[in-house]
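Listed in order, the protein sequences are those of chains X and C. Sequential numbering from 1068 applies to the first sequence in the numbering used here. Sequential numbering from 1068 applies to the second sequence in the numbering used here. Every residue, glycine too, gets a C-beta built ideally from N, C-alpha and C. See below for the structure under consideration.
There are 2 protein chains.
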Amino acid sequence: MLKNMNFIEKLRETGLRPTKQRVKICEILFNREKTFHFTINDLAKKISEELNEKISLATVYNTVHALQKKGYLKEISINSHKSYFDTNTSVHHHFYDEDTQQLIDCDENEIETVNVKKNITGKKINSVEVLVRVASDNQNQN
Amino acid sequence: MLKNMNFIEKLRETGLRPTKQRVKICEILFNREKTFHFTINDLAKKISEELNEKISLATVYNTVHALQKKGYLKEISINSHKSYFDTNTSVHHHFYDEDTQQLIDCDENEIETVNVKKNITGKKINSVEVLVRVASDNQNQN
DNA sequence: CAACAGTTTAGAATAATTATAATATATAAT
DNA sequence: ATTATATATTATAATTATTCTAAACTGTTG
C-alpha cells in the first residue's frame, strides 16, 4: 500500500490521524487523474460502491469538512440544493452544465483574466471566480 | 394605498392572486430604492418587524419561490449555508463581503465583460457571472 | 352576496446536517 | 510488543431548513 503514503502524510500534516476510514476517503478523493467534483451524497455513494465495509455518514461529513477547513478541498455552491466540493483548491473558474448537473473546471487560459474596477475601501479582494452556466443548445432534446 | 397598485399588477401578471400577504411581501421586496439581497430568514425577520400580524413561513417560502419561478427574483448561492435572493434579476456580478456576509451588486461598468474562450459542443452559454469575495484588509480588526 | 377556486396557516413530514456518548483505534511511552 | 491515553468512529438522537397537508379562510366572479 505504498500509494497511500502520501495520503497518510497529507492527513498527518493537517493534524488528522490517518485512520483507515480517512485514508480510504482520501484515496477516493485524491487518487485520480482529474480533479474531482462531488456532493457529500456522491461521495457517500462512491464509498459504499467501492468498499465492502461502510463508513458512517458522520465520518464522511467530518472528514470532508476537516479537509475543506485545512484547505485540501474547496466548496462550490451552485444553488441552495446543490453544493459541490472540488479537489482543485486553487482560485479558478467553472462551467456548470445545467442538463447533467456537472461541474467542469476551466483552465487558466479558457477565461480571460477578469478585470475588476470596483474598489471597496478597507476591503481586499480574496478571490474572483466566474461561473458559466451552460445547457443543451437544442431545447427539445431531452 | 395607490403605491401598492404596481405590486398588485405584478402579482396578477404572474398569475398570483394579490392577497394581503403577497402584497405585503412584494412591498417589502420591491418598494425600495436599491436592489434587495436577502435570505428567507432575513425576509421572515423583516416581515415580523414591520408587521403587527405575522405571515406564515410556508407562505413566505411559497411566495418567494413563485416570484423566483416567474422571474421576479433571482437566487444567488454563496455557500451551502447561505443562499440569497436578489430583486435584480438581470445577469450581473456580485461582491460578497465575507466579514458582514453581505452581497453587493456590481454595476455593468465595474467589471469588464468576461471573455469566455472555451466552447462546449452542443451547449450554449446561459449566463456568465462573477463573484468577487472581499474581506477586511486588516486581519486583526475584529 | 353566494359559490368556487385558490390561499393561508399551523403543524406534521421530510431531508440534510450536526451533536452525543459509547465503543474502538492510533499513538507514544513503557 | 504492551499498555495507557487521547482521539476517532459509529449508530442514533437532535437540530435545522424546507416542503407537505388538510382544514379554515378569502378573493373573485357571476
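#### Entry: C-beta atoms of Thr1081/C and Lys1121/C nearer than 7 Å
The residue given as residue 1081/C occupies position 14 in the second sequence. The residue given as residue 1121/C occupies position 54 in the second sequence. No, Cβ-Cβ distance for Thr1081/C and Lys1121/C is not below 7 Å.
### Query
Is Asn1119/X closer than 7 Å to Glu1142/C when the C-beta atoms are compared?
Here residue 1142/C refers to the residue found at position 75 of the second sequence. Here residue 1119/X refers to the residue found at position 52 of the first sequence. Not a contact, by the Cβ cut-off of 7 Å.
### Message
Quick check on the DSSP output: what are the complete alpha helix (DSSP H) runs of length 4 or more inside the segment 1084-1170 of chain C, in order along the chain?
### Response
1087-1097, 1107-1117, 1124-1136
### Query
DSSP three-state call for Glu1080/X: helix, strand or coil?
By one-based count along the first sequence, residue 1080/X stands at place 13. Reduced to three states, the DSSP call for Glu1080/X is helix.
### Query
With a CB to CB cut of under 7 Å and the five nearest residues on each side skipped, what residues in its chain are close to Thr1102/X?
In the first sequence, the residue the question calls residue 1102/X occupies position 35. These residues qualify, in order along the chain: Asp1153, Thr1154, Asn1155, Asp1172.
### Query
Of the residues that make up the segment 1184-1203 of chain X, which ones have a beta carbon closer than 8 Å to any beta carbon in chain C?
Lys1184, Lys1185, Ile1187, Gly1189, Lys1190, Lys1191, Ile1192, Asn1193, Ser1194, Val1195, Glu1196, Val1197, Leu1198, Val1199, Arg1200, Val1201, Ala1202, Ser1203
### Task
Look at Leu1096/C and Arg1089/C and say whether their C-beta atoms are less than 7 Å apart.
Here residue 1096/C refers to the residue found at position 29 of the second sequence. Here residue 1089/C refers to the residue found at position 22 of the second sequence. No.
### Query
Got a sec? Which residues, its chain only, sit under 8 Å from Ser1194/C by beta carbon, not counting five neighbours each side?
Start at 1 with the first residue of the second sequence, and residue 1194/C comes out as number 127. So the qualifying residues of the chain are Val1158.
### Message
I'd like the list of long-range same chain contacts for Ala1202/X, defined as Cβ closer than 6 Å, with 5 residues on each side in sequence excluded.
### Response
Taking the first sequence and counting its residues from 1, one reaches residue 1202/X at position 135. Glu1165, Asp1166.
#### Entry: Glu1116/C vs Leu1198/X beta-carbon contact at 7 Å
Within the second sequence, the letter at position 49 stands for residue 1116/C. Within the first sequence, the letter at position 131 stands for residue 1198/X. No, Cβ-Cβ distance for Glu1116/C and Leu1198/X is not below 7 Å.
### Query
Helix or strand or just coil, what does DSSP make of Ile1178/C?
The count along the second sequence starts at 1 and reaches residue 1178/C at position 111. In this structure, Ile1178/C counts as strand in the three-state DSSP scheme.
### Residue burial classification, Ser1224/C (beta-carbon count within 10 angstroms, cutoff 16)
The structure shown does not extend to residue 1224/C, since chain C spans only 1068 to 1209, so no value can be given for it.
### Query
In chain X, which residues lie less than 8 Å from Glu1177/C when you measure between Cβ atoms?
Residue mapping note: residue 1177/C aligns to position 110 of the second sequence, counting from 1. The answer, in chain order, is Val1183, Lys1184, Lys1185.
### Query
Could you give the distance in angstroms between the alpha-carbon of Thr1188/C and the alpha-carbon of Gln1169/X?
As a first step, residue 1188/C must be located in the second sequence, where it is residue number 121. As a first step, residue 1169/X must be located in the first sequence, where it is residue number 102. If I take the Cα positions, the gap works out to 15 Å.
### Query
Which word fits His1161/C, buried or exposed, when buried means at least 16 other C-beta atoms lie within 10 angstroms of its C-beta?
Within the second sequence, residue 1161/C is the residue found at index 94, counting from 1. Its Cβ being crowded by 16 or more others within 10 Å, His1161/C is buried.
#### Entry: Residue-chain proximity (Glu1142/X, chain C), Cβ-Cβ < 7 Å
As a first step, residue 1142/X is located in the first sequence; it is residue number 75 there, counting from the start. Closer than 7 Å: yes.
### Message
Helix, strand or coil for Asn1205/X? Go by DSSP, reduced to three states.
### Response
For the purposes of this step, residue 1205/X is identified with residue 138 of the first sequence, where counting begins at 1. In the structure shown, Asn1205/X sits in coil (DSSP, three-state: anything other than H, G, I, E or B).
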